[in-house]
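Heads up, the thing below is written out as structure tokens.
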Amino acid sequence: MTAEIETTPAPFVFLIVMLVIMLVTSYVERFRLKRKLRSHEKRLKAFMQNISLVVMELDCAGHVTYINEFGARLLGYTPEALVGLSWFENFLLAPDISLTRKLYTEILNGKLHTYTFKTVVRCRDGAELSVSWLNFAIQEADGEIQSMMSIGRDVSGEESIARLVAQLQQELEKEKITATEPVQFELDNNVIGKSEAFMYALQRAMQVATTHAPVLLEGETGVGKEVFANLIHQNSLRRSTPFIKVNCGALPKDLIEDELFGHEKGAFTSALQARKGRFELADGGTLFLDEIGELPIDMQPKLLRVLQNGEFERLGGQKTLKVDVRVLAATNRNLAEEVSNGNFREDLYYRLNVFPITIPALRNRKEDLTDLINHFITNKCREYNKSIEQLSRADLQRLIDYPWPGNIRELKNVIERAVITSEGRQIRFDWWQQGGKETANADQTLERIEKDHILSVMTRCHWKINGENGAAETLNMHPNTLRSKMKRLGITRPQHRNGSGETTE
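In terms of the UniProt record's numbering, the sequence shown opens at residue 1 and continues consecutively.
Laid out in structure tokens, this is it:
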């Protein structure tokens with residue numbers, strides 16, 4: 001009888017195959033995990049090297065086992081040079097060593113999980129930095145604590161700013177003029193008001209005028225921030241020195257640096273000669289930076305430097321220039337919000353905000369309206385050679401009741417337009433027919449009315465400017481002033497064609 005041959009695999013062969021499959025699968029999985037781990041390590045390393053914080057690991061003896069690039073650079077070393085050095089003995093000052101060692105020991109013994117504190121750190125060049133630390137233990141897989149991780153933030157700049165603010169505030173307290181003390185404060189004709197809100201702002205201006213502190217003038221558009229800036233300068237110790245004004249919002253972004261700091265010859269293609277900037281022109285005096293909130297963020301560090309140290313370089317220049325300039329800044333923005341939104345540097349805000357003055361909106365100083373209305377009517381009548389003596393009760397009440405979103409500037413424009421268009425001795429307002437609202441182009445509308453008025457006078461005077469019965473005399477203007485206004489407003493004598501087809505004036 002022939003024996004049958006077994007063709008099915010033996011059980012142990014099957015087990016070997018399964019084992020091989022498991023080993024291969026395990027190897028592939030380990031390879032995948034290692035690759036993923038390397039990717040995570042790479043990302044972590046990039047994060048550690050680029051973060052603007054000191055990241056450091058210390059062993060149980062307090063020696064540096066790891067420090068990131070930023071931390072080493074802050075101390076004046078390379079990371080490799082710091083590994084193995086005793087942190088306590090080499091970088092801490094004597095008063096901080098004992099307390100830091102005690103806290104370090106407690107965290108290694110498990111008595112503390114994390115702790116924060118601030119120490120003074122000594123750098124390689126001898127400089128001392130104030131650093132705020134967050135510390136926590138690193139546990140091994142078996143739960144044993146072998147090292148500690150410390151994350152530090154350099155707060156020296158913040159403390160410097162805080163000291164500066166405190167110093168300036170102390171100076172202000174020493175030099176402060178209280179409301180009960182007699183004071184000789186010179187007010188110009190544009191400073192009009194007796195309301196409580198206005199008088200408080202005026203008192204603040206009186207207090208700070210004779211100091212050298214920077215001032216931040218805050219308030220809505222049109223409240224008179226420039227008037228207050230003029231007032232502070234005229235009553236300061238610098239009253240006989242230059243008062244230079246710059247509107248940061250009116251300058252193109254690429255021209256602001258040149259405007260503020262000037263340029264050297266050859267700094268750019270059209271720089272055929274050196275030019276002084278506004279800071280140089282204001283040296284020894286006062287610089288008024290209007291609409292400071294519009295200053296581009298990339299220009300703010302250079303402004304901060306000149307405010308702190310009085311130093312800057314012209315565009316295209318290598319020489320550092322020093323100036324003595326008092327800065328008055330104005331804004332209709334909420335700079336604290338701009339700081340939160342990342343549009344304005346916090347350190348620059350603190351430097352400017354030493355002495356803020358908020359100028360009230362016109363709707364919050366209704367009791368000043370009558371005096372302001374009389375002031376503007378008188379001035380505009382003189383400017384346009386009008387003899388207006390009457391204002392109706394109804395119009396006065398409308399002016400008082402209106403909320404004036406454009407503030408004093410809007411009030412001035414409304415009255416100027418009314419003076420131009422009114423005939424006789426009573427001022428009349430066609431403004432109410434527009435619903436009592438100023439449009440965004442109010443200044444352009446005012447120009448249109450002024451242009452029409454001059455054209456009307458020129459026509460009546462047969463386009464005669466000089467001499468008796470000339471337009472300049474009628475308008476109570478110097479002939480050159482009238483010519484300048486005509487040029488600005490685009491007023492030219494109309495041309496006519498005669499019978500032969502020739503053009504004549």
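Backbone N, C-alpha and C define an ideal beta-carbon position, used for all residues, glycine too.
Strictly by DSSP, which residues pair up with residue i?
i	result
Glu66	The sequence given here has Tyr at residue 66, not Glu. Tyr66 pairs with Glu57.
His263	Arg275 and Leu315
Phe117	Trp133
Ala330	Leu217
Val246	Leu289
Ser86	His63
Gln139	Ile145
Asp92	In the sequence as presented, Asp is not what sits at residue 92; that position holds Leu. Partner(s): Val121.
Under a Cβ-count criterion, where at least 16 other Cβ atoms within 10 Å of its own Cβ denotes burial, should residue i be classed as buried or exposed?
i	result
Lys225	buried
Gln426	exposed
Gln397	exposed
His478	exposed
Thr492	exposed
Gln318	exposed
Phe228	buried
Phe268	exposed
Gln207	buried
Asp324	exposed
Ile357	buried
Leu411	buried
What are the boundary residues of the alpha helix (DSSP H) that includes residue i?
i	result
Thr492	Per DSSP, Thr492 belongs to no alpha helix (DSSP H) and is neither H nor E.
Pro301	Gln300 to Asn309
Ile400	Arg393 to Asp401
Lys380	Leu369 to Tyr384
Val208	Glu196 to Ala209
Please report the distance separating the alpha-carbon of residue i from that of residue j.
i	j	result
Gly406	Leu216	21 Å
Glu367	Ser195	6 Å
Leu287	Met299	17 Å
Arg409	Ile373	12 Å
residue 507	Lys118	With the chain covering only 1 through 505, there is no way to say anything about residue 507.
Tyr66	Pro79	7 Å
Glu450	Ile465	17 Å
Gln495	His453	19 Å
Arg314	Val327	19 Å
Asn247	Thr459	38 Å
Asn343	Ser456	49 Å
Arg483	Thr378	24 Å
Val354	Leu321	25 Å
Gln139	Lys102	19 Å
Val131	Asn68	15 Å
Ile232	Asp283	17 Å
Gly470	Gly222	36 Å
His212	Ser52	35 Å
Ala440	Trp404	Note that Ala440 has pLDDT 39, beneath the 50 cutoff, so the model's placement of it is unreliable and no number is given.
Are residue i and residue j touching if we call contact CB-CB under 8 Å?
i	j	result
Leu99	Ala137	no
Gly62	Phe88	yes
Ile97	Gly219	no
Leu307	Pro214	yes
Leu255	Phe279	no
Ile400	Ser422	no
Arg365	Gly193	yes
Could you check where the beta strand (DSSP E) with residue i kicks off and where it finishes?
i	result
Arg417	Element bounds for Arg417: not the beta strand (DSSP E) but the alpha helix (DSSP H), Asn407 to Thr421.
Leu216	Val215 to Glu218
Phe288	Thr286 to Asp290
Ser147	Ile145 to Asp154
Ala250	Looking at the DSSP string, Ala250 is not in any beta strand (DSSP E), and its letter there is neither H nor E.
Phe355	Phe355 to Thr358
Leu321	Thr320 to Lys322
Is any heavy atom in the ligand NAP found nearer than 7 Å to the beta carbon of residue i?
i	result
Ser392	For the ligand NAP, the structure offers nothing, since it holds no ligand at all.
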